[in-house]
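2 protein chains.
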Amino acid sequence: MDSRKIGVFDSGLGGLTVVREMKRLLPKESLVYFGDTARLPYGSKSKEAIVRFSKQIMRFLMRHDVKAVIIACGTASANALEELRATFDLPIFGVVEPGVREAARSTRSGRIGITGTEATIRSGAYERLLKQINPALQVFSQACPLFVPLVEEGWFEDPVTRSVIHRYLQELKKQTVDTLVLGCTHYPLLRKLVQEEMGEEVTLVNPSSSAVQEVKAFLECHAMQTEDREGQYTFFASDNTEKFQAFGQQVLEMPLTVQKIQIETF
Amino acid sequence: MDSRKIGVFDSGLGGLTVVREMKRLLPKESLVYFGDTARLPYGSKSKEAIVRFSKQIMRFLMRHDVKAVIIACGTASANALEELRATFDLPIFGVVEPGVREAARSTRSGRIGITGTEATIRSGAYERLLKQINPALQVFSQACPLFVPLVEEGWFEDPVTRSVIHRYLQELKKQTVDTLVLGCTHYPLLRKLVQEEMGEEVTLVNPSSSAVQEVKAFLECHAMQTEDREGQYTFFASDNTEKFQAFGQQVLEMPLTVQKIQIETF
């Protein structure tokens with residue numbers, strides 16, 4: 055048993071969908087969340103910048119004596135996970151590996167599509183890990199840089215969003231993938247239109263949800279789970295804390311306060 | 055006569071359209087440019103963050119012994135100009151005031167539309183300054199958060215871009231503005247479709263170009279211009295220098311090198 059908190063970080067708000075899964079599957083765990091809203095989005099940044107920002111955040115989270123950290127950001131998971139594991143001595147979970155495992159389990163034809171930010175697709179992380187599991191898998195990748203701004207604009211079911219989805223996904227559709235990974239925490243909010251574009255027979259994989267299931271299994275296996283009380287949540291963001299608070303309360307269906315903090319020099 | 059450089063900064067690449075104007079109108083002036091590509095975009099950030107980032111950049115530019123600074127970013131001009139002028143003792147030019155003056159000169163009906171990022175529109179800077187010139191002016195503002203990502207995707211004349219432009223501008227069109235300010239350095243790249251949407255009778259104002267004309271007049275008036283040689287350009291960016299270099303060479307039609315630098319602690 056280990057009553058320390060779990061650290062969670064994201065470039066901004068997207069990671070709250072991971073927190074929602076934790077609230078459902080790991081209700082007794084306490085967590086400290088950091089959203090880097092002053093420097094978001096990470097998806098268009100270089101690997102070097104993403105690694106540097108992620109290390110600053112890790113040093114901040116470790117001051118809160120966390121027992122494990124979840125990178126609730128597809129871009130940071132794809133670009134910084136190895137460097138963070140090499141630098142920090144505690145269990146660190148990304149969303150890519152769990153998403154890869156679920157996609158590999160799900161596919162029957164062996165043809166898998168990956169969507170993500172520019173930096174996630176450029177990293178090649180999904181393709182590399184899928185081929186490690188099964189070199190015969192065929193992987194087709196597509197960066198979708200407009201998906202995050204469309205979600206942030208709130209145009210979840212808009213005709214404009216529909217045409218952008220069609221544009222980005224038509225090539226993956228032509229490749230007749232039977233499984234499509236939503237490789238960015240914002241993308242599940244476009245799930246309905248993406249499913250309509252791809253067709254009902256294509257399985258959509260949400261890596262955030264796979265990730266929390268793996269964290270739960272890990273904590274149980276290592277006897278690191280908390281018991282006896284309800285989880286306490288602490289939220290930090292580097293900018294726009296009011297927007298974060300409003301969005302967070304909506305997603306998590308609970309009151310929350312968000313503290314602003316600068317972590318540039320951590 | 056003053057042979058020191060002029061400092062120019064932007065959240066990223068957009069400010070290169072200002073440099074292009076400087077090359078045309080002030081070919082003998084040397085400049086040092088900083089693009090904050092590690093933290094872009096500024097348009098969705100809080101005023102507080104924009105001011106903090108801008109001050110760090112000013113301190114960096116002042117190490118290069120500049121005689122004046124141009125804020126080649128609509129968002130930073132609208133949110134940080136006053137604070138920078140209060141903090142630093144040298145001439146600082148933004149793009150908002152010149153754009154305001156040109157819009158006020160251009161309008162005949164007194165009905166002016168303003169487009170910009172969320173942070174620029176939220177600042178109310180254009181409206182406030184226009185009313186200072188003439189309280190009878192009627193100002194209609196519209197944030198266009200998807201314009202920058204559409205430009206960065208390169209979809210300058212795309213059907214999707216056309217529908218997004220229609221969506222954002224229909225209200226301004228209904229208000230029968232006769233002058234429309236393109237209040238973000240990225241927006242002139244959408245000029246053709248915006249003009250088609252608004253109609254040929256509406257005047258589009260590009261504040262970057264107005265700003266460089268005002269800087270030229272200021273330097274002449276204060277005998278601060280350089281003579282005797284061609285301007286030398288030095289470029290710095292906080293991330294993705296390769297992309298910056300490729301884009302810059304295209305916009306400026308000259309070879310250039312870009313140095314990467316971290317300015318978080320300046």
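Those sequence lines, one after another, are chains U and Y.
Per our numbering, residue 55 is the first one in the first sequence, and the count goes up by one each step.
Per our numbering, residue 55 is the first one in the second sequence, and the count goes up by one each step.
All residues carry an ideal CB built from backbone N, CA and C; glycine is no exception.
Note that the structure is predicted; figures quoted are calculated from it, not measured.
Query	Result
Complete runs of the alpha helix (DSSP H) confined to the segment 108-166 of chain U [at least 4 residues]	128-141, 150-160
Where the segment 77-96 of chain Y meets chain U: residues whose CB sits under 7 Å from a CB there	Ala92, Arg93
Ile168/Y - partner residues in DSSP beta bridges	Ser195/Y, Val235/Y
Residue span of the beta strand (DSSP E) that contains Ile60/U, given as start and end	59-64
Residues sharing a beta bridge with Val259/Y, DSSP	Val235/Y
Where the beta strand (DSSP E) through Gln313/Y begins and ends	312-314
C-beta neighbour in chain Y for Ala132/U, strict 9 Å	no
Proximal chain Y residues relative to Ser264/U, where beta-carbon distance stays under 9 Å	Under the 9 Å cutoff, chain Y gives no residues; its nearest Cβ is about 28 Å from Ser264/U.
Check whether Val235/U and Gly153/U have beta carbons under 9 Å apart	yes
Validate contact between the segment 153-166 of chain Y and the segment 188-200 of chain Y using beta carbons, cut 8 Å, 3 pairs	yes
Cβ-based contacts, 7 Å cut-off: residues of the segment 282-316 of chain Y near chain U	Asp293, Asn294
Contact with chain U by Thr319/Y, beta-carbon distance below 9 Å	yes
Close-in-space but distant-in-sequence residues of the same chain around Phe114/Y (CB under 7 Å, 5 per side omitted)	Phe88, Ile317, Phe320
C-beta contact flag for Phe298/U and Ile315/U at 9 Å	no
DSSP-derived helix/strand/coil call for Leu79/U	helix
Own chain partners of Asp56/Y with C-beta closer than 6 Å, once the 5 adjacent residues on each side are dropped	Lys121, Met278
Arg117/U versus Glu250/Y - alpha carbon distance	55 Å
Buried versus exposed call for Leu79/Y [16 or more other C-beta atoms within 10 Å across all chains shown]	exposed
Distance between beta carbons of Val86/U and Lys59/U, contact taken as under 8 Å	5 Å
Short CB-CB distance (under 9 Å) between Lys109/U and chain Y	no
Per DSSP, cross-strand counterpart(s) of Leu306/U	Paired residue(s): none; Leu306/U is not in a bridge.
Through-space distance from Ile175/U to Asn294/Y, alpha-carbon basis	16 Å
Candidates Glu207/U, Cys238/U, Glu274/U, Ile124/U: closest to Ile146/U by CA position	Ile124/U
Per-residue DSSP class, three states only, for Phe298/U	helix
Neighbourhood of His240/U by C-beta, 7 Å cutoff - its chain only, sequence neighbours within 5 removed	Gly68, Phe201, Val202, Val205
Identified DSSP bridge partners for Ala291/Y	Gly89/Y, Lys314/Y
Chain Y residues whose Cβ lies nearer than 7 Å to that of Ala103/U	Ala92, Asp293
Status (buried if at least 16 other CB within 10 Å, exposed otherwise) for Glu75/U	buried
Three-way DSSP call (helix, strand, coil) for Pro95/Y in this model	coil
6 Å CB neighbourhood of Gly61/Y in its chain, flanking five on each side removed	Val86, Leu115, Val120, Val123
Pairwise C-alpha distance: Glu268/U and His276/U	12 Å
Proximity of Ala126/U and Val73/U at Cβ, strictly below 9 Å	yes
Neighbour flag for Lys228/U against chain Y, beta carbons, 9 Å	no
Contacts of Pro203/Y in chain U (Cβ-Cβ under 7 Å)	Pro199, Leu200, Pro203
Status (buried if at least 16 other CB within 10 Å, exposed otherwise) for Pro199/U	buried
6 Å Cβ shell around Gly148/U - same chain, five flanking residues per side excluded	Ile125, Ser131, Leu135
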